[in-house]
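Per numbering that gives the first Met the number 0, residue 0 is the first one in the sequence shown, and the count goes up by one each step.
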Amino acid sequence: MWLRRLSLINFRNYPQLDLRFSKGINLITGANAQGKTNLLEAIHFLCTCKSHRTHLDDEMIRHGEDGFYLKGIFEEEGEPFTIEISTARDGRKRAKLDGKPVQKLSEIIGTAKAVIFSSESMEIVKGPPSERRKFMDVFISQMDKVYLYDLQSYQSALRQRNELLRQIREGEASEELLEVWDEQIAHYGSRIVRRRIEAVEKLASFAVGIYEELAGDPTLRISYLVNGEGPQTVNSSASLSDLLLKFREIDISRGSTSVGPHRDDLSISLGGADARRFCSQGQQRLIALSLKLAELEMMTVECGVRPILLLDDAASELDRERRGMLKRVLSGLKNTQIFITATHPDEIELEG
0 MWLRRLSLIN FRNYPQLDLR FSKGINLITG ANAQGKTNLL EAIHFLCTCK SHRTHLDDEM
60 IRHGEDGFYL KGIFEEEGEP FTIEISTARD GRKRAKLDGK PVQKLSEIIG TAKAVIFSSE
120 SMEIVKGPPS ERRKFMDVFI SQMDKVYLYD LQSYQSALRQ RNELLRQIRE GEASEELLEV
180 WDEQIAHYGS RIVRRRIEAV EKLASFAVGI YEELAGDPTL RISYLVNGEG PQTVNSSASL
240 SDLLLKFREI DISRGSTSVG PHRDDLSISL GGADARRFCS QGQQRLIALS LKLAELEMMT
300 VECGVRPILL LDDAASELDR ERRGMLKRVL SGLKNTQIFI TATHPDEIEL EG
């Protein structure tokens, strides 16, 4: 899969831009704050309908304008297809696939596939659990439409349950009404957990080897944590139902749901030590990069399609030795369209 052409209108700092790309490596260089990252963000948004930098669409609209428009012409196995997305300040989003409007943005998520590494990717390792959950949700959703449906259904049920919990706490609703939402939380939540566990196991098998190639260290370990414990804790809707019942009184007092996949996490360790607390900035950067390259490999295996790889200043904080290792790893990626941003062209020198 590759991106042939990208068009932007009023996106970030660009009033209008139309670019054509090569099938291999595309190097984007320039000084800081010139808009290099914005181009990668636009490509990633066309693939995932999400920004990797912000959850506020308004931030992507050029100052003084009412909305932005993105268009990408992609190609997969010789067949071109077009994705268009427009977003307005009033929150309206519209999308088209091959010129035909889609009812929901979820219909186009994963049609084009991309993996992005940026400074924000460091949060997967050193950030809060919510960043690791977002990482899992975005890459699994690109591969699995059923997972995306389950995730959206779960999030809807969770919002309804939390609102009901607050009403019960204030004496405005009956506790018996929780049964309906508990059933949905347990059903969709257990499906989400099982898919995440499966995906993380496969992701880890790739990431360990990639990190060893980049850093010469085979001790990276990644596993899924359910409520801070191992993956075996919740593997069925019955066990999640039991936990919801166990924590019901606490949930009512707090007005929020204490258990479920929205509370889960990833364990990432190096040499047996928690990577978030004990790894250096350089080690954390290489771990995050390894996870992203593992995501690329896993999506290729799962989907039979090579995603686009977006690297935003990936080598900027690496020493000469690590930069050389990264170049060797990237040079070994066959049939992959790669976008690389850098301040100076000599930061990453690849043939393509």
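For each residue, glycine too, the CB sits at the ideal point set by N, CA and C.
{"Item": "Does DSSP put I196 in a helix, a strand or coil?", "Value": "helix"}
{"Item": "Taking 8 Å as the limit between beta carbons, can you name the residues of its chain near G63, skipping five residues before and five after?", "Value": "none"}
{"Item": "How would you call N9, buried or exposed, if buried means at least 16 neighbouring beta carbons within 10 angstroms?", "Value": "buried"}
{"Item": "Contact between the segment 52 to 63 and the segment 7 to 22: three or more CB pairs below 8 Å?", "Value": "yes"}
{"Item": "Identify, in the order they occur along the chain, each residue of the same chain with its Cβ nearer than 6 Å to the Cβ of R194, setting aside the five sequence neighbours on each side.", "Value": "Y146"}
{"Item": "Determine whether the beta carbon atoms of D97 and F80 lie at a separation below 8 Å.", "Value": "yes"}
{"Item": "If we count Cβ pairs, one from each stretch, closer than 8 Å, do we get three or more for the segment 149 to 161 versus the segment 207 to 224?", "Value": "no"}
{"Item": "Quick check: I167 and I251, are their CB atoms within less than 8 Å of each other?", "Value": "yes"}
{"Item": "I need the boundaries of the alpha helix (DSSP H) containing V101, first residue and last residue.", "Value": "Per DSSP, V101 belongs to no alpha helix (DSSP H) and is neither H nor E."}
{"Item": "What's the C-alpha gap between R3 and L309?", "Value": "15 Å"}
{"Item": "Which residue comes first and which comes last in the alpha helix (DSSP H) that contains V124?", "Value": "122 to 125"}
{"Item": "Ordered along the chain, which non-local residues of its own chain (more than five positions away) have a Cβ less than 6 Å from that of K35?", "Value": "I27, G29, T340"}
{"Item": "Helix, strand or coil, according to DSSP, for G208 in the structure here?", "Value": "helix"}
{"Item": "According to DSSP, is R3 helix, strand or coil?", "Value": "strand"}
{"Item": "What is the rounded straight-line gap between the Cα of N226 and the Cα of H261?", "Value": "9 Å"}
{"Item": "Would you list the one or two residues that DSSP bridges to R220?", "Value": "S268"}
{"Item": "Using a Cβ-Cβ cutoff of less than 7 Å, which residues in the same chain neighbour K201 once the five nearest sequence positions on both sides are dropped?", "Value": "M297"}
{"Item": "Should G323 be labelled buried (16 or more other beta-carbon atoms within 10 Å of its own) or exposed?", "Value": "exposed"}
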